[in-house]
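First up is the structure itself, then whatever we jot down about it.
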Amino acid sequence: MASRMLFKRSLLQASVLRNSIRHASSNVAAYNGKKNANGKYTVTMIEGDGIGVEISQAVKDIYAAAGVPIEWEPVDVTPIIKDGRTAIPDVAIESINRNLVALKGPLATPVGKGHVSLNLTLRRTFNLFANVRPCKSIEGCATAYDNVDTVLIRENTEGEYSGIEHVVVPGVVQSIKLITRPACERVIRYAFQYAQSIGKTRVLVVHKASIMKMSDGLFLKTAQDIAKEFPDIKLESEILDNTCLRMVTDPEPYKPVVMVMPNLYGDILSDMCSGLIGGLGLTPSGNMGDKVSIFEAVHGSAPDIAGKGLANPTALLLSSMMMLRHMKLNEYADKIESAILATLASGPANITRDLKGTASTKHYTEQVISRL
Ligand SMILES: NC(=O)c1ccc[n+]([C@@H]2O[C@H](COP(=O)([O-])OP(=O)(O)OC[C@H]3O[C@@H](n4cnc5c(N)ncnc54)[C@H](O)[C@@H]3O)[C@@H](O)[C@H]2O)c1
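Position 79, counted from 1, in the sequence shown is what my numbering calls 66; the numbers after and before it change by one each time, with no gaps.
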């Protein structure tokens, strides 16, 4: 009897190990796109609303000047109602599924009426499970800190944003924070692989398992299990409020770290990190899925300056650098990124008003092109 149990246990252990090895060797969210008949990669472009048109044009102009082997496929994501629900038009879905990668400008969301957030719809439609937000201090954009270099990965599909809410009795509502092991595994494994790919040596789980012992406890326990697949990366954990306090006191200790956390914490903490480097106008982001990935600027459509030629395209440009690296077009990303950073460091005449400069979108774009 005992030997049969031992045998069963070892079979189970072997199967766990086999799974671990399979997962460790297969990259989550890898890009598998192929060149088209013109020898270029086709990328879906969602220009977006408001300043979206202007900042997308800046990206297109700079890519053309840098000779990036990409052809843009513009799509309109103006929502349609399908079976009573907000949906992305089929043409846009087919384009993104075909090209496996998209660059997205900001999309306006009506407040209190109309369609649900298209950003949310895109995440759900393509199961974009991880939101990646690197924040690095930029020369020429002074803030209280000049040593920020953080990477935050947010679980993008569940947690507090599962949308499961109901009225228990009038005056009492309940909102359910859903955490599942498969969703935790996916985003945490991605965080480890991302850390390896950018040469960071630690993964930091940010949580509140001290209070939410079951939900955040599952996230943390899953991280401890996944960490066994990555012996060269150290797993650490920290309580969310402690992370906030320590990071605004001194961001330096977070340099060798990739942070990973449930949805709501990631939403808030990622904006805090953006604040440390000068705001959303400088922050790139990528939404990673099993099959497709969408890279986007995290700022909104800026209706107050739309059409005036004042928009800062840096966030969309830096997001597209993440996209190029995801597509393994690193040499183009390095070349364009150097030109962007040199332009931002070159003084107020060449940077836009949101960064306390005087340049128009067009002038800034020309300056980047002249530094390629
Ligand atoms: N990811 C997205 O698509 C996204 C994100 C946030 C807001 N939105 C939507 O955008 C619309 C406007 O939202 P909001 O006004 O709250 O936020 P916003 O980010 O559009 O604007 C806030 C302030 O920042 C400025 N700003 C933002 N991006 C800029 C840029 N690239 N260059 C120069 N200045 C810039 C604006 O002029 C404005 O003064 C809303 O419909 C909202 O739903 C979309």
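A virtual CB, placed ideally from N, CA and C, is assigned to each residue, including glycine.
Please classify residue i: does DSSP put it in a helix, a strand, or coil?
i      : result
Leu269 : helix
Met246 : strand
Gly150 : strand
Leu316 : coil
Gln354 : helix
Asp254 : helix
Thr137 : strand
Asn337 : helix
Ala210 : helix
Pro238 : coil
Lys322 : helix
Ile125 : coil
Ser307 : helix
Lys295 : coil
Ala329 : helix
Ala284 : strand
Ser349 : According to the sequence displayed, residue 349 carries Lys and not Ser. The answer is helix: DSSP assigns Lys349 an H, G or I state.
Ile166 : coil
Phe217 : coil
Should residue i go down as buried or exposed, given a rule of 16 or more other Cβ atoms within 10 Å for buried?
i      : result
Arg168 : exposed
Gln180 : buried
Gly334 : exposed
Arg233 : exposed
Ala284 : buried
Arg85  : exposed
Lys91  : buried
Met248 : buried
Asp36  : buried
Thr345 : exposed
Ile33  : buried
Ser357 : exposed
Gly71  : exposed
Val190 : buried
Ile166 : buried
Asn274 : buried
Asn229 : exposed
Ala24  : exposed
Asp203 : buried
Ala332 : exposed
Strictly by DSSP, which residues pair up with residue i?
i      : result
Gly276 : Leu115
Leu427 : The requested residue 427 does not occur in the structure, where the chain is confined to residues -12 to 359.
Ile264 : Answer by DSSP bridge pairing: none, since Ile264 is not bridged.
Pro61  : Met32
Quick check for students: name the residue ranges of the beta strand (DSSP E) that lie wholly in the segment 172 to 205, counting only runs of 3 or more.
189 to 194
* Contained alpha helix (DSSP H) runs [length at least 4] in the segment 69 to 116, N- to C-terminal order -> For the segment 69 to 116, whole alpha helix (DSSP H) runs of length 4 or above, ordered along the chain, are 77 to 86, 105 to 112.
Which runs of the alpha helix (DSSP H) spanning at least 4 residues fall entirely within the segment 6 to 55, listed in chain order? The segment 6 to 55 contains these whole alpha helix (DSSP H) runs: 39 to 53.
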